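One structure below.
Residue numbers (the working numbering): 180 to 448.
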């Protein structure tokens, strides 16, 4: 049978959970967001011979951005063009949303070693608009200190593109509202940071080595409360000069590199 791309259904969950277990050493988030994505819509699966072997999602973000995410292919079916098929489908779906006036551009983020996605993006006319460092940390390496829940305003958002987990939004009033709804904000020692609601990834709203040092115990506290043993920080590429200092604080890169390991792409369909 020919492969078919269709909207995901609740009964697809066991297939998605299997793909998730076999991706990123079992650390993939796909299974955790399955129900949310089903409700949100524009969540698609690639089915072959009655089996779901791939996924892709298009999410509407502030400033009329169509965010491409969740592109996965089961390991047993990689290298056969299914990833390209899903990518092309989502790009075409983006064109339809542009025509409907719902979005103005497509964007996505990927890890710097995801060479297949990067090659497809460049071939299709996507350009890199931002680079970030994603660094890991272990809760056990810090003495967790409880931060205070807080609010943040536009003046707290110093970057033009602000990460929340692996989604990135352009600084605007609409983005501020979205970040408040989707994230959790904390303050410690006068420094603020945003956390994903699962306590996995943190975005410092104050840059600098000293600021990060002051916030790490509070981030570790939040991660521990969410029953996490490890957590991540998403830092702007401007932090490259202090990368050695960040490592001395206990942060680490999953793959050794001196360059930013997260790339954000954009294209106007």
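Don't be surprised by glycine CBs; every beta carbon is placed ideally from N, CA and C.
All values reported here derive from a predicted model rather than from experimental measurement.
Exposure of residue i, with buried meaning 16 or more beta-carbon neighbours within 10 Å
{"i": "residue 286", "result": "buried"}
{"i": "residue 404", "result": "exposed"}
{"i": "residue 320", "result": "exposed"}
{"i": "residue 354", "result": "buried"}
{"i": "residue 292", "result": "exposed"}
{"i": "residue 436", "result": "exposed"}
{"i": "residue 304", "result": "exposed"}
{"i": "residue 272", "result": "buried"}
{"i": "residue 417", "result": "exposed"}
{"i": "residue 246", "result": "buried"}
{"i": "residue 342", "result": "buried"}
{"i": "residue 180", "result": "exposed"}
Sheet register partners of residue i (DSSP bridge)
{"i": "residue 309", "result": "443"}
{"i": "residue 185", "result": "224"}
{"i": "residue 246", "result": "238, 286"}
{"i": "residue 202", "result": "DSSP, once it has assigned bridges, lists no residue as partnering residue 202."}
{"i": "residue 343", "result": "346"}
{"i": "residue 373", "result": "364, 382"}
{"i": "residue 411", "result": "315, 380"}
{"i": "residue 233", "result": "225, 252"}
{"i": "residue 328", "result": "365"}
{"i": "residue 431", "result": "315"}
C-alpha distance - residue i paired with residue j, whole-angstrom precision
{"i": "residue 270", "j": "residue 448", "result": "7 angstroms"}
{"i": "residue 441", "j": "residue 338", "result": "16 angstroms"}
{"i": "residue 315", "j": "residue 411", "result": "4 angstroms"}
{"i": "residue 280", "j": "residue 217", "result": "23 angstroms"}
{"i": "residue 395", "j": "residue 184", "result": "43 angstroms"}
{"i": "residue 283", "j": "residue 438", "result": "30 angstroms"}
{"i": "residue 307", "j": "residue 288", "result": "9 angstroms"}
{"i": "residue 256", "j": "residue 367", "result": "47 angstroms"}
{"i": "residue 444", "j": "residue 297", "result": "9 angstroms"}
{"i": "residue 340", "j": "residue 300", "result": "19 angstroms"}
{"i": "residue 228", "j": "residue 238", "result": "28 angstroms"}
{"i": "residue 263", "j": "residue 349", "result": "27 angstroms"}
{"i": "residue 258", "j": "residue 345", "result": "25 angstroms"}
{"i": "residue 431", "j": "residue 425", "result": "8 angstroms"}
{"i": "residue 388", "j": "residue 415", "result": "12 angstroms"}
{"i": "residue 352", "j": "residue 336", "result": "11 angstroms"}
{"i": "residue 369", "j": "residue 244", "result": "33 angstroms"}
{"i": "residue 215", "j": "residue 295", "result": "27 angstroms"}
{"i": "residue 359", "j": "residue 202", "result": "30 angstroms"}
Residues near residue i in its chain [Cβ-Cβ closer than 8 angstroms; skip 5 each side]
{"i": "residue 234", "result": "187, 195, 198, 209, 222, 223, 224, 225, 249, 250, 251, 265"}
{"i": "residue 200", "result": "207, 210"}
{"i": "residue 419", "result": "312, 437, 438, 439"}
{"i": "residue 329", "result": "364, 365, 366, 371"}
{"i": "residue 376", "result": "361, 362, 363"}
{"i": "residue 392", "result": "428"}
{"i": "residue 274", "result": "448"}
{"i": "residue 422", "result": "312, 437"}
Cβ distance (whole Å) where residue i is taken to contact residue j below 8 angstroms
{"i": "residue 331", "j": "residue 384", "result": "6 angstroms"}
{"i": "residue 347", "j": "residue 309", "result": "7 angstroms"}
{"i": "residue 409", "j": "residue 317", "result": "5 angstroms"}
{"i": "residue 182", "j": "residue 357", "result": "About 34 angstroms; that fails the 8 angstroms criterion."}
Sequence-distant residues of the same chain with beta carbon closer than 7 angstroms to residue i, five excluded per side
{"i": "residue 400", "result": "323, 324, 325, 326"}
{"i": "residue 374", "result": "362, 363, 365, 381, 401"}
{"i": "residue 372", "result": "365, 381, 382, 383, 384, 394, 398"}
{"i": "residue 189", "result": "217"}
{"i": "residue 433", "result": "315"}
{"i": "residue 407", "result": "318, 378, 379"}
{"i": "residue 230", "result": "194"}
{"i": "residue 390", "result": "370, 383"}
Residue i beta carbon near the ligand NAD (any heavy atom closer than 6 angstroms)
{"i": "residue 344", "result": "Only the bare structure without any ligand can be found here, which leaves the ligand NAD out of the picture."}
Other residues of its chain near residue i: CB distance less than 6 angstroms, five sequence neighbours each side excluded
{"i": "residue 452", "result": "Look at the range of the chain in this structure, 180 to 448, and you will see that residue 452 is not part of it."}
{"i": "residue 333", "result": "355"}
{"i": "residue 277", "result": "448"}
{"i": "residue 446", "result": "285, 304, 305"}
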